[in-house]
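The UniProt record's numbering puts the first residue of the sequence shown at 1, with every later residue one more than the last.
Written out below as structure tokens is the structure these notes cover.
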Amino acid sequence: MTNLQVTRPLAREARGLSAFLAALGDEAYTGDVATNAATRTVMATDNSVYELLPAAVLFPREPDDLNRILRASARTKTPVVARGGGTGTNGQSLTTHVVVDCSRHLRAIESIDPERGLAVVQPGVILDELNRAAAPHGLFFAPAVSTASRATLGGMTATDASGKGSRHYGRTSDHIAAMEVALSDGSNWRAEPLDARALDAVCARQDLPGRLHRLLRDIVRDEADEIERVFPVMNRGLTGYNLKELNDADGRFRLSKVLAGSEGSLALTKRLTLKLLKKPPHRALMVVGYDDVIAALRDVGRLVEADPSAVEFIDDRILSLAKDDPIWADIAGTLATPPGREVKGLNFVEVEAGSGAELAAALARLEALPQAPSSAVTQTIVREPRIIAQLWSLRSKCVGLLGRMDPSRQGTAFVEDAAVPPQVLPDFVEGFRALLDAHGLAYGMFGHADVGCVHVRPALDMRIPEDAAKLKPVSDAVAALAQRHGGLIWGEHGKGFRGQYGPQILGDRLYAAMCRIKAAFDPDDRLNPGKIAAPSPDRKLERIDTVPFRGPMDATIPPARLGGFEKAVKCNGNGQCFGRDAFDAMCPSYKATGDRLQSPKGRAALMRAWLREDGALPDGEIATALHASLRTCLACKACASQCPVKVDIPSMRARFLSDWHETHRRPMRHRLLAAMETFAPAMRALPGLANAGLGLAAPLLRALDLVDLPAIRPARGERRRLDDRDDRPGVVLIEDTFTATWDGGVVEAAETLFETLGYRVHRVAAQANGKALHVLGKLDRFEATARRALAREAELVTSGMPLVGIEPAVNCLHADEYRELRKAPSPVVSVEAFLASEIAVGRIAPRTGQGSASFALFQHCTGKTADPASTGRWLAIFRHLGLDLDPEDTGCCGMSGFFGHEAPNAEMSKKLFAMSWQPKLARHAPGTALATGFSCRCQAKRMGAGRLPHPVEVLAEAVASGLPATSSNVSGSIG
1 MTNLQVTRPL AREARGLSAF LAALGDEAYT GDVATNAATR TVMATDNSVY ELLPAAVLFP
61 REPDDLNRIL RASARTKTPV VARGGGTGTN GQSLTTHVVV DCSRHLRAIE SIDPERGLAV
121 VQPGVILDEL NRAAAPHGLF FAPAVSTASR ATLGGMTATD ASGKGSRHYG RTSDHIAAME
181 VALSDGSNWR AEPLDARALD AVCARQDLPG RLHRLLRDIV RDEADEIERV FPVMNRGLTG
241 YNLKELNDAD GRFRLSKVLA GSEGSLALTK RLTLKLLKKP PHRALMVVGY DDVIAALRDV
301 GRLVEADPSA VEFIDDRILS LAKDDPIWAD IAGTLATPPG REVKGLNFVE VEAGSGAELA
361 AALARLEALP QAPSSAVTQT IVREPRIIAQ LWSLRSKCVG LLGRMDPSRQ GTAFVEDAAV
421 PPQVLPDFVE GFRALLDAHG LAYGMFGHAD VGCVHVRPAL DMRIPEDAAK LKPVSDAVAA
481 LAQRHGGLIW GEHGKGFRGQ YGPQILGDRL YAAMCRIKAA FDPDDRLNPG KIAAPSPDRK
541 LERIDTVPFR GPMDATIPPA RLGGFEKAVK CNGNGQCFGR DAFDAMCPSY KATGDRLQSP
601 KGRAALMRAW LREDGALPDG EIATALHASL RTCLACKACA SQCPVKVDIP SMRARFLSDW
661 HETHRRPMRH RLLAAMETFA PAMRALPGLA NAGLGLAAPL LRALDLVDLP AIRPARGERR
721 RLDDRDDRPG VVLIEDTFTA TWDGGVVEAA ETLFETLGYR VHRVAAQANG KALHVLGKLD
781 RFEATARRAL AREAELVTSG MPLVGIEPAV NCLHADEYRE LRKAPSPVVS VEAFLASEIA
841 VGRIAPRTGQ GSASFALFQH CTGKTADPAS TGRWLAIFRH LGLDLDPEDT GCCGMSGFFG
901 HEAPNAEMSK KLFAMSWQPK LARHAPGTAL ATGFSCRCQA KRMGAGRLPH PVEVLAEAVA
961 SGLPATSSNV SGSIG
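Right, dumping it as structure tokens:
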């Protein structure tokens, strides 16, 4: 057990912590305990505006650890707060006491029963993980939330989450068959529907479960009229202590309806038995555009008459932002408007069906609706799955788009989920917009129109006192506005610190009943105290304007220190980097370790704490932890593009390492790696001697922690000067150090391909690009190297010919890091971007009859995430040239430049390959899996998958010979 480091802000809360940890040991607790400053710092924030540093963080290893935690808590009166994915928008899991994080170890899907449609899961299972496991059975868990890649089922239960499609499917609590919980005294209880006889039997017990059931039974009976009067009549009704639905339509008593939505304030969830539904295999989407967003909302009543599975809306401000997003190119045709008309509001109307005939009937209902209002500018029915996915991608990007509304501020969650009865939604939104306009706030709106739920994130800079001061009056006004319209300020994302509005909405009588429930379940107020309800109405709940905001803490960062680290402050804690899907690019180090310190969000939190240097944490501890965390960053830059707010950890990592190594010695291997490009020309000139030297030096290199270095295989062939008498279109092929030195056959193939397609090729010899220098944080040397490269780039631009680069990582360097120095977009394009553009203008004729060979595309994660359109370009190029190509979804291969060649990283590197690339490669014959990245090809070779060709090698062979490319045509070796 780790020794607690008590620090000044925690003195009051930590007084009894040592006793609690000792009691925990007495209970034979099997999980992890973290009291170090770094872990506590990462757990101090969620997706809200708040920051509270916990005294300790527990990671239970088995469900029974939750009972042990609560027994220790009962003995020492120590408050505990459960945490799932950490995606809460209102501080639900934040505390200065003890956090119980269920996401690290309690991740088992214990069983799936396809016949009964039931799954038994632990609380840390992620929604997407359950749906992936259920998919082979044709089943799914219906509640759909936008954070499905990282939201845990325990967390979804805690807020009684719902999302798109809830008009049909309801909330999480509607799909709970049973839940096993640890009660406040550490005892166990299985909550499942009870008929009258079973309820009487439980109520006759003289233990804690008996007392709880008697109390709830009596309150629902005695307060029936008040419950009916106060609880809103709508899909997004009151959750958390949900007395209205305690008894179901069959008269069964369902304790889970009270527990779901209680945010861990009544019990801790150990295990859930969830209902799975048959997944509808067919769907279509009707997209209706309007000249006014209020008109779009007024049309929802007409649209729901066709009984769609969902109606979602997007307003004009988000649409305006979307037009500057790369996604617009994919959907502009679908959203095209007649001349002179403009779309200022969209409704997405989705229908789902179990068969093609049922889908046709659902579409017929849509087409038979009464005529659309004159405000409807466009109406399109989309059946193509790819286009449907693109349109829903626009909807899912709304939060990220709102982050670009105001360059000096950020879309901020605090009134982001108000809900009202759908029939009054237009009037509510009009009032909501007027309210925000009166406060001078920029905003955009979207949401679940069919259930009356509005998502909005007003733009604030919480570091500015005047902005932070708006949070309370705006929240008060929205709560009152929603209540006047028969709705709630919290319609979807739970209450958290907004629980303060409970007494106002419930009234004295029902709030007193809620307090009686809290007192019965948790008399000492140890479970998530200060939120939803207190054990007595006299005890005040936390208030949204008295809980510490993160913004003022960030405001203490000196401007001189902030330069280059702004994105660490921009991180809003949405947690998209916590996804566990091995075939998604972000974030490899987190996927490999499950340690949130080794994620973009965790690293951003540590950076902020390091930048503040306010003395609140032990001297040097945060900096040391941050360095350790950044050491495992693969610098793949997936976060720079996939994070909704573009938190670019590799760029900040380089700046931190530059500072760190002013006072800390670098390992010798970093000196060798930094010199790699200096020695590369000599190695290319004398490859035999260089390879012999590497062989002799292998023991020394291993001692320096460098392993599995590839052999030198330079690009051959004459670099011909351009002939002005040649009237073919020209192209400049820029060699890079990596392919030109270690995988030269790719350079030769690219030249052959371009020549065969009718281009005169000017091959430019590799020049140091500084990629390794940037990754290592040698920024002064990097800038000097980059400026030399930019000088040559500027000279090449004067040729008037396209500049083409092969290696994705280097192309991204030109597009990103060089841009800071160039102050303009990169003139260097990728091979696939060049070929696709030439095909588009008709310079490359289509070819057929290239054989029946089929290839699989494995893309470099840096290139794929920085330029998502690259996948489609490769497919189109292969198709145009008569070849079949299918993309494989993969995460990072684990090599990422030289990361996998460093011995301390080798285990993680190999684990990442086994998680993502290995199972996908196993499905393909040798020579048919193509890899765009040099480091990916190195990793595959090292891991026994053979040498993977680059796509240009296959294309060059096929185009030159007119025959199908085979593995023998393009085989070779990297090393």
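Glycine is no exception: its CB is placed at the ideal position from the N, C-alpha and C atoms.
Since the structure is predicted, the reported quantities are computational estimates derived from the model, not experimental observations.
Pull the bridge partners of residue i from the DSSP assignment, please.
i, result
"Asp-32", "Phe-59"
"Asp-101", "Arg-83"
"Val-456", "Met-445"
"Phe-913", "Answer is none; Phe-913 lacks a bridge partner."
"Gly-345", "Tyr-290 and Asp-315"
"Trp-742", "BP columns for Trp-742 are empty, so no partner."
"residue 981", "Examination of residue 981 is not possible in this model, given that the chain is present from 1 through 975 alone."
"Gln-410", "Leu-460"
Decide if residue i is buried, meaning its Cβ has at least 16 other Cβ atoms within 10 Å, or exposed.
i, result
"Val-349", "buried"
"His-670", "buried"
"Phe-679", "exposed"
"Thr-337", "exposed"
"Leu-268", "buried"
"Lys-77", "exposed"
"Lys-823", "exposed"
"Arg-386", "exposed"
"Thr-2", "With a pLDDT of only 36 at Thr-2, under the threshold of 50, the placement of this residue in the model should not be trusted, and no figure is reported."
"Met-668", "exposed"
"Lys-257", "buried"
"Pro-473", "exposed"
"Val-233", "exposed"
"Pro-825", "exposed"
"Asp-160", "buried"
Out of the options, state which residue places its alpha-carbon closest to the alpha-carbon of residue i.
i, options, result
"Cys-936", "Asp-867, Leu-857, Val-959 and Pro-868", "Leu-857"
"Trp-610", "Leu-657, Phe-583 and Gly-573", "Leu-657"
"Leu-94", "Val-80, Ala-740, Arg-104 and Arg-725", "Val-80"
"Cys-643", "Val-747, Ala-604 and Asp-461", "Ala-604"
"Leu-930", "Ala-906, Pro-951 and Gly-117", "Pro-951"
"Pro-123", "Val-804, Gly-333 and Gly-155", "Gly-155"
"Tyr-29", "Ala-44, Glu-62, Leu-17 and Thr-39", "Glu-62"
"Arg-83", "Glu-305, Gly-345, His-105 and Asp-64", "His-105"
In the DSSP assignment, the alpha helix (DSSP H) including residue i goes from what residue to what residue?
i, result
"Ser-830", "Careful: Ser-830 lies outside any alpha helix (DSSP H), inside the beta strand (DSSP E) at 828 to 830."
"Lys-920", "918 to 921"
"Phe-782", "779 to 797"
"His-814", "808 to 815"
"Phe-428", "425 to 438"
"Arg-395", "385 to 396"
"Gln-504", "502 to 521"
Apart from the five residues just before and just after residue i, which ones in its own chain have a Cβ nearer than 6 Å to its Cβ?
i, result
"Ile-557", "Leu-611 and Arg-612"
"Ala-11", "Unreliable placement is indicated for Ala-11, whose pLDDT of 37 sits below 50; no coordinate value is reported for it."
"Pro-729", "Tyr-759"
Starting from the C-beta of residue i, find all residues in its chain whose C-beta is less than 8 Å away, skip the five residues before and the five after it, and write them out in chain order.
i, result
"Leu-694", "Leu-701, Leu-709, Ala-711 and Ile-712"
"Gln-939", "Cys-893, Gly-894, Met-895, Gly-900, Ser-909, Phe-913 and Trp-917"
"Ala-459", "Leu-402, Met-405, Asp-406, Arg-409, Gln-410, Gly-411, Thr-412, Leu-441, Ala-442 and Tyr-443"
"Val-377", "Gly-289, Tyr-290, Asp-291, Thr-337, Pro-338, Arg-341, Glu-342 and Val-343"
"Ser-262", "Ala-158, Gly-240, Tyr-241 and Ile-532"
In its own chain, which residues sit with a C-beta less than 7 Å from the C-beta of residue i, not counting the 5 before and 5 after it?
i, result
"Ala-960", "Thr-752 and Thr-756"
"Val-761", "Val-731, Leu-733, Glu-751, Phe-754 and Glu-755"
"Ser-393", "Ile-327"
"Arg-608", "Asp-554, Ala-568 and Val-569"
"Arg-252", "Pro-193, Leu-194 and Asp-195"
Is residue i near the ligand HEM - that is, is its Cβ less than 7 Å away from at least one heavy atom of it?
i, result
"Leu-153", "In terms of ligand content, the structure shown is empty, and the ligand HEM therefore cannot be addressed."
Can you give me the start and stop residues for the beta strand (DSSP E) that residue i sits inside?
i, result
"Ser-111", "109 to 113"
"Gly-730", "730 to 734"
"His-485", "From DSSP, His-485 is part of no beta strand (DSSP E); its letter is neither H nor E."
"Met-179", "176 to 182"
Consider the Cβ of residue i: report whether some Cβ of chain D lies at a distance smaller than 8 Å.
i, result
"Val-293", "The question asks about chain D, but that chain is absent: this structure has only one protein chain."
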